[in-house]
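Working notes for the structure below.
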Amino acid sequence: MNSKKTLLVLAGGLGSRYKGLKQIDGILDNGSPILEYSIYDALQAGFNKVVVVINRFIPESYMKRLESISQNSGFELQWVYQDMDKYLPEGFDHSARQKPWGTGHAVLCAKPYIHEPFVMINADDFYGKEIYKLASGEIDRKRILSSQFELIAYPLSTTLSDNGTVARGLCTLDSEGLLIKVDEQTSIRKENNNIIYTENGKDIKIDPDTLVSMNFFVFHPAVFEILENYFTDFIHSDPLPTQEFYIPAAVQKMKEEKGIKITVTTSPSQWLGMTYADDKGILKNYLETEIQNHRYPKNLWNSIALS
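With my numbering applied, the sequence shown has no gaps in its numbers, which climb one by one up to 1092 at the end.
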């Protein structure tokens, strides 16, 4: 086992469709949001360091809660604010911007705190236990290099919402299981017995077994320098106030320009998410069943007294 295994949690977004701070919205009566289940699963898989990228709306009371959990559970915890001015050229005017710069910028904000291979996840996605064990093994076997990263992807049909459209990165692979491209589509939905998205006014069917990126990447720390350069290029392209610097697009560019290999593995775990407020009930029912099956304790942090 490597001495350090880091979980990077992206919790800095402002989810407009959920209508609230879903990053810290407790699912069950124990008050634990999805990100605590992710941390719990990662710790069981051998991770021992957690870096959480947050916005300024995350309340201090929740930060104290997670700090108490980290102290009692023995893992290192680092908070990082995804402030708008980080990694911007001096004097750049971002006053017209209201939302963060996107997931690529969020990862870049963690650069000073991560010096080892790491897993990157979204705070509001439930990825399942087994995926962390898979990622941990890939790191231990030294398959994550400065020239090779990994994407652990999910079949599209397992990642949809009954409550509206979703955005997914559709993956195309070569015969060796390496990523050729990620095609980001933002209007994916179920209609009758089909999965479709709309492009240029035309509905296009998608194979339900198509692998999609759910932002579960295993990166080498060499990714930070590349992201910094790409973010500088992004800023110099004079982006629109709503345009974002996405990690899948950056990974695609790394593959094409830097020759970095992106291995793609199918996740062995169940994925669930909270794109919409009504998705919470589905996740609640799932976790209650997992607790009944003794896959999780009723209270994740039994030995910790939380106020």
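Where is the CB? At the ideal position from N, CA and C, for every residue including glycine. All values reported here derive from a predicted model rather than from experimental measurement.
Start and end residues, beta strand (DSSP E) containing residue i
i     : result
Y866  : 861 to 866
Y825  : Counting along the chain, Y825 falls outside any beta strand (DSSP E), though it belongs to the alpha helix (DSSP H) covering 819 to 829.
N907  : 903 to 907
N979  : 979 to 984
D968  : 964 to 976
K834  : 834 to 839
F1004 : 1002 to 1004
Residues bridged to residue i (per DSSP)
i     : result
A938  : T1051
Y1017 : Tyr is not the amino acid found at residue 1017; the sequence shown has Thr there. Looking at the DSSP assignment, T1017 forms no beta bridge with any residue, so it has no partner.
C894  : Looking at the DSSP assignment, C894 forms no beta bridge with any residue, so it has no partner.
F1094 : Residue 1094 lies beyond the range of the chain shown here (786 to 1092); nothing can be said about it.
R953  : Q970
T791  : K834, F903
Q933  : L930, K1046
A796  : I839
D910  : G1058
L958  : L964
K987  : E984
Residue range of the alpha helix (DSSP H) that includes residue i
i     : result
D810  : Note, D810: premise wrong, no alpha helix (DSSP H); not H, not E.
S921  : 914 to 925
Q1037 : 1032 to 1038
K849  : 845 to 858
D994  : No alpha helix (DSSP H) contains D994, which DSSP labels as neither H nor E.
I1067 : 1064 to 1077
Inter-residue Cα distance where the pair is residue i and residue j
i     : j     : result
I899  : V892  : 10 angstroms
G913  : G962  : 22 angstroms
I824  : D1063 : 24 angstroms
T1048 : P1026 : 33 angstroms
S1022 : E969  : 20 angstroms
S972  : Y982  : 5 angstroms
L813  : A1034 : 35 angstroms
A920  : Q856  : 24 angstroms
E1075 : D910  : 16 angstroms
K790  : Q863  : 13 angstroms
T1017 : L873  : 7 angstroms
I1089 : E852  : The predicted position of I1089 is uncertain, since its pLDDT is 48 and thus under 50; a value taken from the coordinates is nonetheless stated next. In a straight line, the C-alpha of I1089 is about 11 angstroms away from that of E852.
P1053 : E915  : 6 angstroms
K927  : S960  : 22 angstroms
V865  : G887  : 15 angstroms
I989  : I854  : 46 angstroms
N1087 : N1000 : 30 angstroms
D810  : E821  : 11 angstroms
P993  : H879  : 40 angstroms
S858  : P1024 : 42 angstroms
V967  : T1051 : 15 angstroms
E1010 : L964  : 21 angstroms
E1013 : H1079 : 43 angstroms
L958  : T950  : 24 angstroms
P940  : V1003 : 18 angstroms
R953  : G1066 : 22 angstroms
Buried versus exposed, by CB contacts within 10 Å (16 or more), residue i
i     : result
Y1031 : buried
Q1077 : exposed
P818  : buried
T1060 : buried
N978  : exposed
N907  : buried
A844  : First, the residue type needs correcting, since residue 844 is Pro and not Ala in the sequence shown. Under this definition P844 is an exposed residue.
Q883  : exposed
Y1081 : buried
E935  : buried
I839  : buried
R841  : exposed
D947  : exposed
A827  : buried
K1083 : exposed
A895  : buried
F903  : buried
Presumed contact (8 angstroms Cβ cut-off) between residue i and residue j, rounded CB distance
i     : j     : result
S932  : K1046 : 7 angstroms
M905  : L793  : 5 angstroms
A938  : V1008 : That pair is no contact at about 18 angstroms.
K774  : L945  : Within the shown structure, residues of the chain are numbered from 786 to 1092, placing residue 774 beyond reach of any answer.
A830  : Y917  : 4 angstroms
V835  : F860  : 6 angstroms
L1085 : N815  : 7 angstroms
Contact test: residue i Cβ vs the ligand GTP heavy atom, cutoff 8 angstroms
i    : result
D826 : The ligand GTP is absent from the structure shown, which contains no ligands of any kind.
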